[in-house]
Amino acid sequence: MAFTEALQSSLAEHGLALLFFNILLEQAGLPIPAYPSLVVAGTLAQGGNGASVATVFGLAVLACLIADTVWFWLGRRHGTWLMRGICRVSLSPDSCIRKSTHLYRQLGPRLLLIAKFLPGAGAMTTLMAGTSGTSLVTFLLYDAAGSAIWVASALMMGIVFENAVWAILALFTRYVLPGTLVVLALFAAFLVWKWAHRARLMRRSHKVPRLQVGDLQTLQSQGLPHVLVDVRSDLGDGEVRIPGAIHMSLDAKAHELNTLPADALVVVYCDCPSEVSAAYLAERIRATGRPRVFALQGGIRAWSEALANPPE
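Residue numbers (UniProt numbering): 1 to 312.
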């Protein structure tokens, strides 16, 4: 009991500061889960061992708003560049941007109401809000509501399951060292598995031949037969497209792939790190017996840059 009492005392004395920075850092993108801390904070508040529920609630929402607003302004100024950078080091580079943009285009700022409950979606959603031109007032209204829902749900769990939380804390203090080692080992195993999956995906991607933008422009200028496939999802009206391209999703059915001419030169392009999505679809098309399939090096961004800066 001595350790448990010391834990209660420490949390009561420094709990608010620890909670604030825990939430701030998690919302900033660091893998430091804050939801369990909020559950414990709810239990402490219910038992009179910490600050009031209202104080914890207000401080937690404030921490969320500070971190999210920073991401929002970064999205306004450097959104596309930041999203590319984040997804380049993501454990799932093939779906990182695609999933984020797909959800935000479907739901708009309403996604902020549930984003904190979706693993890995928080920072990307606030970046999308800034990048897509959502107004600051709209962003703050939805983000404050989403933060309040997220914080309130955790505090309510701590209050409703107060006895269970204390039992878990007591069990944790008894087996703190082995418990910590088990958690760390599981987390490390998960990271190794994800990195192995990423490495395998990148190796497969690199086996797909690339076509340079200059070579594609030569094909077009000479009128040589070819088929362009745009693999980007949920294209907006303002999206840049290569003229003549047909759209095809990553999970296109076999009969859709077979509609492509068997002897055609096919060029697949995307807007993703290392052309991963384009290479994935190109690999699927090649598997249908069409050997002349390429991923466009640099994707739509390289194409746009080539148009903006034509060779002299």
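Even for Gly, the Cβ is constructed at its ideal location relative to N, Cα and C. The structure displayed is predicted, hence computed values, not measured ones.
Residue span of the alpha helix (DSSP H) that contains residue i, given as start and end
{"i": "A45", "result": "Y35 to Q46"}
{"i": "A282", "result": "V276 to R286"}
{"i": "L201", "result": "V176 to K207"}
{"i": "F117", "result": "Where F117 is concerned, there is no enclosing alpha helix (DSSP H), given that its DSSP letter is neither H nor E."}
{"i": "D263", "result": "Here D263 belongs to no alpha helix (DSSP H), and DSSP marks it neither H nor E."}
{"i": "A306", "result": "G299 to A308"}
{"i": "V293", "result": "Where V293 is concerned, there is no enclosing alpha helix (DSSP H), although the beta strand (DSSP E) it sits in stretches over V293 to L296."}
Residue i versus residue j: straight-line alpha-carbon distance, rounded
{"i": "A167", "j": "P31", "result": "26 Å"}
{"i": "E162", "j": "R232", "result": "47 Å"}
{"i": "A245", "j": "Q297", "result": "16 Å"}
{"i": "A145", "j": "Q106", "result": "19 Å"}
{"i": "T55", "j": "G108", "result": "31 Å"}
{"i": "V40", "j": "F190", "result": "25 Å"}
{"i": "L155", "j": "A295", "result": "49 Å"}
{"i": "A264", "j": "M248", "result": "16 Å"}
{"i": "R241", "j": "W303", "result": "9 Å"}
{"i": "A188", "j": "A196", "result": "12 Å"}
{"i": "P33", "j": "N22", "result": "8 Å"}
{"i": "R77", "j": "T131", "result": "8 Å"}
{"i": "L113", "j": "W150", "result": "8 Å"}
{"i": "A115", "j": "V165", "result": "25 Å"}
{"i": "G179", "j": "A278", "result": "43 Å"}
{"i": "T134", "j": "G47", "result": "41 Å"}
{"i": "E26", "j": "D215", "result": "45 Å"}
{"i": "T173", "j": "V183", "result": "14 Å"}
{"i": "S221", "j": "P243", "result": "13 Å"}
{"i": "V160", "j": "T101", "result": "36 Å"}
Proximity winner among the options, relative to residue i (alpha-carbon distances)
{"i": "L127", "options": "A154, F161, P291 and A67", "result": "A67"}
{"i": "G75", "options": "I114, G122 and L118", "result": "G122"}
{"i": "A252", "options": "D230, L216 and L25", "result": "D230"}
{"i": "V276", "options": "W81, H206 and P243", "result": "H206"}
{"i": "R301", "options": "G158, D271, A170 and N309", "result": "D271"}
{"i": "A148", "options": "N258, G15, P273 and L65", "result": "L65"}
{"i": "S153", "options": "A17, W81, V61 and L171", "result": "V61"}
{"i": "G58", "options": "A17, M83, L82 and W81", "result": "A17"}
{"i": "L201", "options": "A63, V70, P273 and G158", "result": "P273"}
{"i": "L141", "options": "V176, E239, T69 and V192", "result": "T69"}
{"i": "Y280", "options": "L186, N309 and L250", "result": "L250"}
{"i": "P119", "options": "D143, Y269, G29 and A308", "result": "G29"}
Own chain residues within Cβ distance below 7 Å of residue i, not counting five before or after
{"i": "L260", "result": "V227, V266, I285 and R290"}
{"i": "A204", "result": "Residue 204 is actually Arg in this sequence, not Ala. Correct list, in chain order: E283."}
{"i": "L219", "result": "H226"}
{"i": "P209", "result": "F294"}
{"i": "L257", "result": "R284, I285 and T288"}
{"i": "W157", "result": "In the sequence as presented, Trp is not what sits at residue 157; that position holds Met. Once the five neighbours on either side are set aside, the close Cβ partners of M157 are V39 and G42."}
Cβ-based neighbour list, residue i, same chain, cut-off 6 Å, excluding 5 preceding and 5 following
{"i": "L19", "result": "S37 and A41"}
{"i": "F139", "result": "F72 and A129"}
{"i": "F117", "result": "none"}
{"i": "L103", "result": "L111"}
{"i": "A306", "result": "V213"}
Contacts around residue i, its chain only, beta-carbon distance under 8 Å, and the 5 residues preceding and following it disregarded
{"i": "A254", "result": "T288"}
{"i": "L211", "result": "V267, F294, A295, L296 and Q297"}
{"i": "G15", "result": "A41, L44, G50 and A51"}
{"i": "A262", "result": "G289 and R290"}
Heavy atom of the ligand NAD within 7 Å of residue i beta-carbon
{"i": "Y104", "result": "With respect to the ligand NAD, the structure offers nothing, as it holds no ligand at all."}
Extent of the continuous beta strand (DSSP E) run through residue i
{"i": "A230", "result": "Note on identity: in this sequence residue 230 is Asp, with Ala being the wrong assignment. From DSSP, the beta strand (DSSP E) with D230 extends over V227 to D230."}
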